[in-house]
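Numbering (full-length UniProt numbering), first residue to last: 1 to 340. Cβ atoms here follow ideal geometry from the backbone N, Cα and C, with glycine treated the same way. The structure appears below as structure tokens.
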């Protein structure tokens, strides 16, 4: 896996073989199905944001019997609160696991929630737009201009700030971020309040297509083409007390991601009731994402280390945070017999 541009791999931590942690190899000859929890069926609660197409693997696993094949009885909880509230809900046992975005979760996890990242699910759902005819064709063209975001801790804001910094811009001085409700970002752009905006799918792609916007860049370019953005977190106490259940829910979500990758149109049909969007549009989004890329093990840990290092670059993480030490604290490899 590529080391972030302009940076060296953390001392003592070499990039892994990208194929070494393929789930089918890590869980034995039976593949992901072999990770089913033994004994009585486990009852688990899984949190997700039903409006985010990033988490399409959750309803796929629920409707296609994937949770059941892993001996799980999963209750889905549509969570609309803050990330801190979500992580607290998982850490305190109100839920057992949840799916979200690395660039939104890593800062709160720095504070010490008892939640472990066990897998990534995919990449490619963050986009940056400008108006046609604006002359803006690359991120550096936004120097001295205003950009919109749905909130000041949004993962897409964090991501494009990182890319800007790597391209020589000062994200604090050269870019001005302004907050608008996500569904009004397109209107703010047309009014001239901002010259571009960052947003995630499905709303990002829907606004782009509706308003004929220029997609300046996304998180599938350069080194990030092989980087995931969405992750699965599991309650730390569940891993310690019932590792088999933590392993099973992780394997089930990975199997669901493979299903999405192989059958994007069918997955779009499953997700359509939550998005209130046309199936063809959702299918196009899913095909543009990297649902076949869902690292675990050392490959995932390397991606987390890279993100933590990059969040320090844009002053989201504390300057004295050690990326390797924090990754050790927030990561768990539940698909092997190695203790958490």
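*asked:* Would you call the segment 163-175 in contact with the segment 131-145, where contact means no fewer than 3 C-beta pairs closer than 8 Å?
replied: Verdict: yes, contact present.
*Residues near residue 41 by beta carbon distance below 6 Å, same chain, minus five either side*: Cβ-Cβ distances below 6 Å link residue 41 to 71 and 73 in the same chain, with the five nearest sequence neighbours on each side left out; the list follows chain order.
*Give me the Cα-Cα distance between residue 162 and residue 289, rounded to the nearest whole angstrom.*
When rounded, the distance between both Cα atoms is 20 Å.
*Compare the Cα-Cα distances from residue 52 to each of 262, 253, 99 and 287 and report the closest residue.*
99
_Quick check on the burial criterion: 16 or more other C-beta atoms within 10 angstroms. Buried or exposed for residue 101?_
buried
*Leaving out five residues on either side along the sequence, give the residues of the same chain with a beta carbon under 6 Å from the beta carbon of residue 315.*
Exclusion of the five residues before and after residue 315 leaves no residue of its chain whose Cβ lies closer than 6 Å to its Cβ.
*Can you name the start and end residues of the beta strand (DSSP E) that residue 179 belongs to?*
Counting along the chain, the unbroken beta strand (DSSP E) around residue 179 starts and ends at 175-179.
*Nearest-angstrom beta carbon gap, residue 297 and residue 354 [assumed within contact, 8 Å]*: Given a span of 1 to 340 for the chain in the structure shown, any question on residue 354 remains unanswerable.
*Would residue 23 be called buried (16 or more neighbouring beta carbons within 10 Å of its own) or exposed?*
With a pLDDT of 43 at residue 23, under the threshold of 50, the modelled position of that residue is not reliable, and no figure is offered here.
_I need the DSSP call for residue 168, collapsed to helix, strand or coil._
coil
*Enumerate, from N- to C-terminal direction, the unbroken alpha helix (DSSP H) stretches of 4 or more residues contained entirely within the segment 96-123.*
102-110
*Which residues in the same chain as residue 62 place their Cβ atom closer than 8 Å to its Cβ, once the five residues preceding and following it in sequence are excluded?*
74 and 76
*Going by Cα to Cα distance, which pick from 111, 109, 107 and 115 is closest to residue 95?*
115
*Which residues mark the beginning and the end of the beta strand (DSSP E) in which residue 129 is found?*
126-130
*Could you say if the segment 214-227 and the segment 119-131 meet the contact criterion of at least three C-beta pairs nearer than 8 Å?*
yes
*Going by C-alpha distance, which of 87, 126 and 103 is nearest residue 219?*
Per the Cα distances, 126.
*Which class does residue 342 belong to by DSSP, given the choice of helix, strand or coil?*
Since the displayed the chain opens at 1 and closes at 340, residue 342 lies outside it and no answer follows.
*In whole angstroms, what is the alpha-carbon distance linking residue 146 and residue 36?*
Using only the alpha carbons, I get a separation of about 49 Å.
*When burial is assigned at 16 or more other CB atoms within 10 Å of the CB, is residue 258 buried or exposed?*
buried
*For residue 329, does the three-state DSSP call read helix, strand or coil?*
helix
*Ordered along the chain, which non-local residues of its own chain (more than five positions away) have a Cβ less than 6 Å from that of residue 89?*
95
*residue 269: which of 118, 282 and 261 sits nearest, CA to CA?*
282
*Closer than 8 Å by C-beta to residue 236: which residues in its own chain qualify, once you throw out the five before and the five after it? Chain order, please.*
91, 114, 115, 116, 332 and 340
*Express the C-alpha separation of residue 197 and residue 175 in angstroms, rounding to a whole number.*
11 Å
_Euclidean distance between Cα positions of residue 191 and residue 330_ = 42 Å
_Helix, strand or coil for residue 221? Go by DSSP, reduced to three states._
coil
*Exposed unless 16 or more other CB atoms sit within 10 angstroms - verdict on residue 11*: Since pLDDT at residue 11 reaches only 35, below the 50 mark, its modelled position is unreliable, and the value read off the structure follows with that caveat. Under this definition residue 11 is an exposed residue.
*Which residue from 195, 305, 322 and 250 puts its Cα closest to that of residue 67?*
Each of 195, 305, 322 and 250 was checked against the Cα of residue 67, and the nearest Cα belongs to 250.
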